[in-house]
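S.K.: Residues are numbered in the working numbering as their position in the sequence shown, beginning at 1, plus a constant of 73.
Note that the Cβ used here is the ideal one computed from N, Cα and C, for glycine as well.
Every value quoted in this text rests on a predicted model; they were computed, and no experiment measured them.
Pasting a structure below so you can have a look.
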Amino acid sequence: MEKKMRFGIKSKIIIGYLIVIVCLFIAFIVLNSQISSLQKERNFIIDHDIEVHDLTNRIEKHLLDMETGQRGYIITGEASYLEPYNSAASSWEKDYNALYQLLNNNPNQQEKLEKIKGSIQDWIEAAGEPTIALKKENNTKELQQFFEKDPGRQYMDDIRSQFTSFRNVEKKSTETRATELDEKNQKIKIGLYGLLLFVTLISLAIAIVLSNSIVNTIKEVTQTIKRITASKGELKGRIKVRSNDEIKDLGIATNALLENIEERNWLQTNIAHAVTMYQGIASVDKLAEKFLFTVSEMTGASFGAFYVREENDKGDLFVKQAAFADRKSDAGRESFLIGEGLIGQAALEKRTLLINDVPDTYQLIASGLGDVKPKSIFIVPVLFEDEVIAVIELASLHEFTVLEQELISQVIETFGLTINGVIRRMEIARLLKESQAMTEELQAQSEELQTQSEELQMQSEELRMINEQLEERTKDAEEKSFELEAAKEDLEEKAHQLELNSQYKSEFLANMSHELRTPLNSILILSEMLEENAAKTLSEDEEEYARIIHSSGKDLLALINDILDLSKVESGKLDVLLAEMNMSELPDQIERNFSHVAEQKKVQLKINKAQDVPDIIHTDEKRFQQIVKNLLSNAFKFTESGSVTVSIQRVADHRLTTAMRTVDTDCWLEIAVADTGIGIPKEKHQLIFEAFQQADGATVRKYGGTGLGLSICSEFAKLLGGWISLSSEVGKGSTFTLYLPSLSNGLVDYEKVNFAYEEVAVSIEEAEPEAEITEIDHPVQPVEPSLPDDENVFQDKRVLIVDDDQRNIFALKTALAKQGMTIMTAHNGIECLEMMKNSEPFDLILMDIMMPQMDGYEAMQKIRGELKLVDLPIIALTAKAMKNDREKCLEAGASDYISKPLDLNQLFSVMRVWLVN
C-alpha cells in the first residue's frame, strides 16, 4: 500500500497562494508579451523609418556634393573641388547598400531604389566623369558644347523626382503601422480586465476550500480528546485523524504522550517492586539469585549471570555468585579479570554493553526441547562510589527494548549501595569471628612480650655503652675536621701563591719578550739589508754570513713565540676564536705550503681526503692550521726518504667511544700525518709531549730543536676539544693522529675530552707495536711574498720614527732612507709631540710603545686628541706582543699594528697602504 502523501495546513495555504500567484504570473506573462510586441513594433517604426529617411537624405547629400564639386572644378579648375566629389562618389554606394538591405522586406521599395541607383550611375557616366576629364584635358570647347545641351540637369531632376516618390511611399507605410499599433493596444486593455476577473474568482474558490478542510479536521480531533478525557484515567484510547497535515501530527504527538505516560507508570511500578524484594537479605549469593530472578521476569531475559568483585594477588577478580537458567551450573565462566573479554572490558570502561548481533559460538539457552541461540546480550556494571563492585550479564531470545534497558539501568543505580551494604555486613561478621580468635592470640603474645621486655632492658644497657664510645669517636672526628680545615686554608694559600707566580711568570715573559725582540729587530732588519746587498759591496761569503745571521734571528724569534704560546696555554690566557673553516681548501693549503719542502728533501707528499668529510666545520682555524703545520714540519724534518702522507677523514659512528658521544658536536674528524722517518720508541711516547723534552741526545744533536712543538700541538688540541695520539715503530716511521670535534655549539668540557683521549690511547697502546720517537721542532715559517718597490709612493715622504733604542732607529732609518724617504727621529713621546708642533707636517709616524717618560699609548692619544691629527697614519711597533696588545694600540689611536722583530716586506706593504690611502 502506497504511503499517503502529506498535505499540511501550511502546504495548503502555500499552495493556495501559489495558485493565485501562478495565475497572476500567467496574466503578467501574457500582458508582458503583448506589451513587448507593441514595443517591438513601435521601435521598428521609430528605428526603421528614421533610418530609411536618414539614409535617403545622405544619398541625396552625396549626390549634391558630387554635383557641387563637379561644377566648382569645371568653373575654377582647382583640384580641391574634386575632394567632396571623390568622397561622395566612394560613400554613396555604401549608404545605398545599407538602405537596400534595410528594405529587404519591401520589394517594391527596393525596385525603386534600383531605379534611383541606375539614374545616379547614368549621371556619373554621362555628366560627372566626362566633364571632369574634359576639364583636366583643358578642352573648353567641348565643355561649352556639353553645357549648351546640359544632359546632367535632366538626370538630376529625375533623381529628385524618384526620391520624392520613394519618401511618399515610406510615409504611407509608417502611418499604416501606427494605425495597427493602436488597434492592438485596445485589445490588450480588454484582455487585462478579463484576466483580473478570472484571478479574483480563482482566489475566492481556493480560500473557501482550504478553510473548510482545516476547520473540519480540527473539530474531529477536539471531539476525540474530549472522549479520552471523559474516560477517567483510562489511557487505552487513541486519537485517529484521517487528514495528513499538522492536525495529524498533533494527534500522533498526543498518542506518543499517552504511550510515554503508560511506560513511565510501568517503569516506576517495577522499580519499586525491585527495590523492596531484596530487603533483609544478608548474603551476596542469595541477593544475586533474587536479583537475577526478578530482573529476568521483568525483562523477559532467558539467561543470566551475576559476578562480584574480589581482591587477590593478581588484582581485582570478578567471581560468579549466581546464575539464571543455566545448564548444570555452566552459565558462563566462573571468574574473569578486569579487561578480560567483553564483560571484563565493560567493567574496565564502567559502561553498559548491548550486543544484538550475537555470534554463532555464543552460549546457548537450554530448554526442554533443545538449545536456542540468544538474540541479544546486555552487560551492566554495578558501581559504588565510582568503582565497579559487580557485573551482571543477561541474554534474551528477543532484543532488549529501550524501556527494559532503562529499567535495568535505574535499578542498578541504587543496587550498588545494597551490594556494598551486604558485603560490609558479611565482612563485619567475618571480622568479629577473627577478632575473637585474635583476642586469644593476644593473650599468649602478651606473655611473650613480657619476656622480650626484660631482654630489651639488657640490650638498652649495651646500647648506652656503645653510645658513649660513639661520642668519643665524634670528638676525634671533629678534631680531624679542624685539621682538614687548616689543610684547606694552606692549600688555598698555596693556590693563591701559584696564581701570583703565574702572573709574575706572564709579566716576566712579556718583559723578556720585549727585551729579546728589541735587539732582535735590529739584527733581522740589518741582516736582511746586508743579505739583499743592494749596493753590491759584499762578497758571496759576506752575503752568506748575512743570510746565516738572518736565519738564526728567525729561529730565535720562533723559539720566543713558542715559549709565549706555551706560557699562554698553561696560564689559561690563550683565546680560542671559534668560526667556520672550509675543509675543502685544506689539501690545497697543505700542497701550497709544503710542496717545495718535499721537493727540497726529495720526499713524496701524499694528501688523501675522504668523501664523507664535511666542507665546513667549526673550530679555531689559526690554532688548527698551527697544529697541522707543526706535525707536517716534524714529519719532513725527520724523514730522509720515502713519503709523508696526510689522511683526512670523518670518524665513523661505530668507532666513537662512549665519552666521544657525550661531546656536543656535529662530527669528529681524524687528521693523520704519517711519515717513513726514524720512528719513536714506545717508552718515549708520553715524554715527547712534555715541554723541552726530546727523545734522546743524539736526536737533538742531529736534528736540533727545543722540544716545544709537540707540547704546543697537544695543548692546542686540548683547547679545541680534541687530542693527538701517536703510533710509531723504530726505523719504519711515525703516525701522529689529531682527533678534533666540530664545535658548532661552543667549547666542550675538557674533562670529557681527556677521558675520551685516555680511552682511545689505551686502545691504541694495546693494538700498536713499540716504535721509536722523532723530534718535532717549531713550525715551518711560511714564505712571505716580497712586495714590489714603488718609488712614487715612498719618494720624498716625511716619516717620524719614535723609539728609545738607537739600534732600532739606525736599522729603520737605513732601510727607509734607501726608499727615498726623509727621516726624523724622536726618543720618546714628549720629543715626538715637540717635533710635531715645531716642524713641518709628517706623512707617517712609526711609534714604539715601551718608552721612558711618555710611552707610545699616551703619545698617540695626545696626537689624536690635543693635536687633532685624526687622519695622520700612525703604525704602532712593539716587541711585547702579549694578549690584547693590538686592541690596546688601536684604541689608543694607532692606524695599524706590527710586532717586532719587523719584516721589512710587511712593513713596506703596510706603509704603502696607508701612504696611498
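Check this for me: beta carbons of residue 192 and residue 148, under 8 Å apart or not?
M.R.: The residue you call residue 192 lines up with position 119 of the sequence shown. The residue you call residue 148 lines up with position 75 of the sequence shown. Not in contact: residue 192 and residue 148 (Cβ atoms no closer than 8 Å).
S.K.: Kindly indicate which three-state DSSP category residue 941 falls into: helix, strand or coil?
M.R.: Mapped onto the sequence shown, residue 941 falls at position 868. If DSSP states are grouped into helix, strand and coil, residue 941 belongs with coil.
S.K.: Taking buried to mean at least 16 other C-beta atoms within 10 Å of its own C-beta, is residue 856 buried or exposed?
M.R.: Locating residue 856 in the sequence shown gives position 783, where the first residue counts as 1. Low confidence applies to residue 856: its pLDDT is 36, below 50, so where it sits in the model is not reliable, and the reading given next is rough at best. Exposed, because fewer than 16 other Cβ atoms sit within 10 Å of the Cβ of residue 856.
S.K.: DSSP on residue 862, reduced to helix/strand/coil?
M.R.: Within the sequence shown, numbered from 1, the residue matching residue 862 stands at position 789. For residue 862, the predicted model reports a pLDDT of 44, less than 50, meaning its position is unreliable and no value from the coordinates is stated.
S.K.: Grab the span of the alpha helix (DSSP H) containing residue 894 for me, first residue to last.
M.R.: Within the sequence shown, the letter at position 821 stands for residue 894. Counting along the chain, residue 894 falls outside any alpha helix (DSSP H), and DSSP gives it neither H nor E.
S.K.: Are the beta-carbon atoms belonging to residue 377 and residue 471 less than 8 Å from one another?
M.R.: Within the sequence shown, the letter at position 304 stands for residue 377. Within the sequence shown, the letter at position 398 stands for residue 471. Not closer than 8 Å, so no.
S.K.: Could you check whether the stretch 86–105 touches the stretch 131–140, counting it as contact only if at least three pairs of C-beta atoms, one from each stretch, sit closer than 8 Å?
M.R.: In short, these stretches do not touch, since the Cβ pair count stays below three.
S.K.: Using the beta-carbon count (16 or more within 10 Å), is residue 946 buried or exposed?
M.R.: Translated into positions along the sequence shown, residue 946 becomes position 873. Looking at its Cβ environment, which holds 16 or more other Cβ atoms inside 10 Å, residue 946 is buried.
S.K.: Quick check: the Cα distance between residue 754 and residue 801, rounded to an integer number of angstroms?
M.R.: Position 681 of the sequence shown holds residue 754. Position 728 of the sequence shown holds residue 801. One C-alpha to the other measures close to 7 Å.
S.K.: Run through the DSSP bridge pairs and tell me what residue 380 is partnered with.
M.R.: Position 307 of the sequence shown, counting from 1, holds the residue named residue 380. DSSP output for residue 380 lists 393 and 464 as bridge partner(s).
S.K.: Return the CA-CA distance between residue 710 and residue 967, expressed in angstroms with no decimal places.
M.R.: For the purposes of this step, residue 710 is taken as residue 637 along the sequence shown, with counting starting at 1. For the purposes of this step, residue 967 is taken as residue 894 along the sequence shown, with counting starting at 1. For residue 710 and residue 967, the distance between alpha carbons rounds to 40 Å.
S.K.: Helix, strand or coil: which one does DSSP assign to residue 1050?
M.R.: Outside the shown range of the chain, which is 74 to 990, sits residue 1050, and nothing can be said about it.
S.K.: Whether or not the stretch 203–210 and the stretch 241–252 are in contact is what I'm after, with contact meaning three or more pairs of Cβ atoms, one per stretch, closer than 8 Å; do they touch?
M.R.: Not touching, per the Cβ criterion.
S.K.: What do you get for residue 346, buried or exposed, if any count of 16 or more other CB atoms within 10 angstroms of its CB means buried?
M.R.: The residue you call residue 346 lines up with position 273 of the sequence shown. By the 10 Å Cβ count, residue 346 comes out exposed.
S.K.: Unbroken alpha helix (DSSP H) runs of length 4 or more, entirely within the stretch 162–237: which are they?
M.R.: The stretch 162–237 contains these whole alpha helix (DSSP H) runs: 180–196, 202–210 and 213–222.
S.K.: One question on the structure: do residue 451 and residue 467 come within less than 8 Å of each other, judged by their Cβ atoms?
M.R.: To locate residue 451, count along the sequence shown from 1; it is residue 378. To locate residue 467, count along the sequence shown from 1; it is residue 394. Yes; because the gap between Cβ atoms is below 8 Å, this pair is in contact.
S.K.: May I ask which residues mark the beginning and end of the alpha helix (DSSP H) holding residue 660?
M.R.: As a working note, residue 660 is residue 587 in the sequence shown. From DSSP, the alpha helix (DSSP H) with residue 660 extends over 659–674.
S.K.: To the nearest whole angstrom, what separates the beta carbons of residue 171 and residue 104, a pair I think is in contact under 8 Å?
M.R.: Locating residue 171 in the sequence shown gives position 98, counting from the first residue. Locating residue 104 in the sequence shown gives position 31, counting from the first residue. Incorrect: roughly 36 Å between the Cβ atoms, too far for contact.
S.K.: For residue 465, which residues in the same chain have their Cβ closer than 6 Å to its Cβ, ignoring the five residues on either side in sequence?
M.R.: Taking the first residue of the sequence shown as position 1, residue 465 is located at position 392. Closer than 6 Å at Cβ, skipping near neighbours: 379 and 453.
S.K.: Three or more C-beta pairs closer than 8 Å, one from the stretch 185–204 and one from the stretch 252–264: is that the case here?
M.R.: Touching, no, given that fewer than three Cβ pairs across the two stretches are closer than 8 Å.
S.K.: CA-CA distance, residue 38 and residue 109?
M.R.: With the chain covering 74 to 990 only, the question about residue 38 has no answer from this structure.
S.K.: I'd like the span of the beta strand (DSSP E) that includes residue 455, first residue to last.
M.R.: Counting from one through the sequence shown, the residue named residue 455 turns up at place 382. It spans 449–457 - the beta strand (DSSP E) in which residue 455 sits, taken as one unbroken run.
S.K.: Please determine, among 569, 424 and 409, the residue with the shortest C-alpha to C-alpha distance to residue 384.
M.R.: What you label residue 384 is simply residue 311 of the sequence shown in a count that begins at 1. Ranking 569, 424 and 409 by Cα distance to residue 384 puts 409 first.
S.K.: What are the start and end residues of the beta strand (DSSP E) that includes residue 705?
M.R.: The residue given as residue 705 occupies position 632 in the sequence shown. Careful: residue 705 lies outside any beta strand (DSSP E), inside the alpha helix (DSSP H) at 694–710.
S.K.: Rounded to a whole number of angstroms, what is the C-alpha to C-alpha distance between residue 909 and residue 606?
M.R.: The sequence position of residue 909 within the sequence shown is 836, counting from 1. The sequence position of residue 606 within the sequence shown is 533, counting from 1. About 34 Å.
S.K.: Using the rule of at least 16 other Cβ atoms within 10 Å of the residue's Cβ for burial, across every protein chain shown, is residue 559 buried or exposed?
M.R.: Position 486 of the sequence shown, counting from 1, holds the residue named residue 559. By the neighbour-count rule (16 or more Cβ atoms within 10 Å), residue 559 is not buried but exposed.
S.K.: Between which two residues does the alpha helix (DSSP H) containing residue 980 stretch?
M.R.: As a first step, residue 980 must be located in the sequence shown, where it is residue number 907. Run containing residue 980: 977–989, per the alpha helix (DSSP H) assignment.
S.K.: Using only CA atoms, which one of 743, 668, 99 and 731 lies nearest to residue 697?
M.R.: Position 624 of the sequence shown, counting from 1, holds the residue named residue 697. Minimum Cα distance to residue 697 is reached at 743.
S.K.: Scan the stretch 865–938 and note each continuous alpha helix (DSSP H) run of 4 residues or more that stays entirely inside, going in chain order.
M.R.: Taking only runs of at least 4 residues, the alpha helix (DSSP H) segments lying wholly in the stretch 865–938 are 879–890, 902–911 and 929–938.
S.K.: Taking the beta strand (DSSP E) that residue 654 falls in, what are its first and last residues?
M.R.: Taking the sequence shown and counting its residues from 1, the one referred to as residue 654 is at position 581. First-last of the beta strand (DSSP E) with residue 654: 652–655.
S.K.: Would you kindly work out how many angstroms separate the C-alpha atoms of residue 677 and residue 737, rounded to a whole number?
M.R.: Sequence index remark: in the sequence shown, residue 677 carries index 604 (1-based). Sequence index remark: in the sequence shown, residue 737 carries index 664 (1-based). If I take the Cα positions, the gap works out to 38 Å.
S.K.: Check whether the stretch 783–803 and the stretch 687–703 are in contact - that is, three or more C-beta pairs closer than 8 Å.
M.R.: Touching, per the Cβ criterion.
S.K.: Can you name, in chain order, every residue of its own chain whose Cβ lies under 8 Å from the Cβ of residue 156, other than the five neighbours on each side?
M.R.: Here residue 156 corresponds to residue number 83 of the sequence shown, with the count starting at 1. Same-chain partners within the cutoff: 142.
S.K.: Note down, in chain order, each residue of its chain lying with its Cβ closer than 8 Å to the Cβ of residue 183, except the 5 sequence neighbours on either side.
M.R.: Within the sequence shown, the letter at position 110 stands for residue 183. Excluding residues within five positions, the ones whose Cβ falls inside 8 Å are 173, 176 and 177.
S.K.: Name the residue from 787, 948, 368 and 701 whose alpha carbon lies nearest to the alpha carbon of residue 348.
M.R.: Within the sequence shown, numbered from 1, the residue matching residue 348 stands at position 275. Of 787, 948, 368 and 701, the residue nearest in Cα terms is 368.
S.K.: Given 8 Å as the limit, is there contact between the stretch 472–484 and the stretch 493–508, that is, 3 or more CB pairs closer than that?
M.R.: With a cut-off of 8 Å, the stretch 493–508 and the stretch 472–484 do not count as touching, because too few Cβ pairs lie within range.
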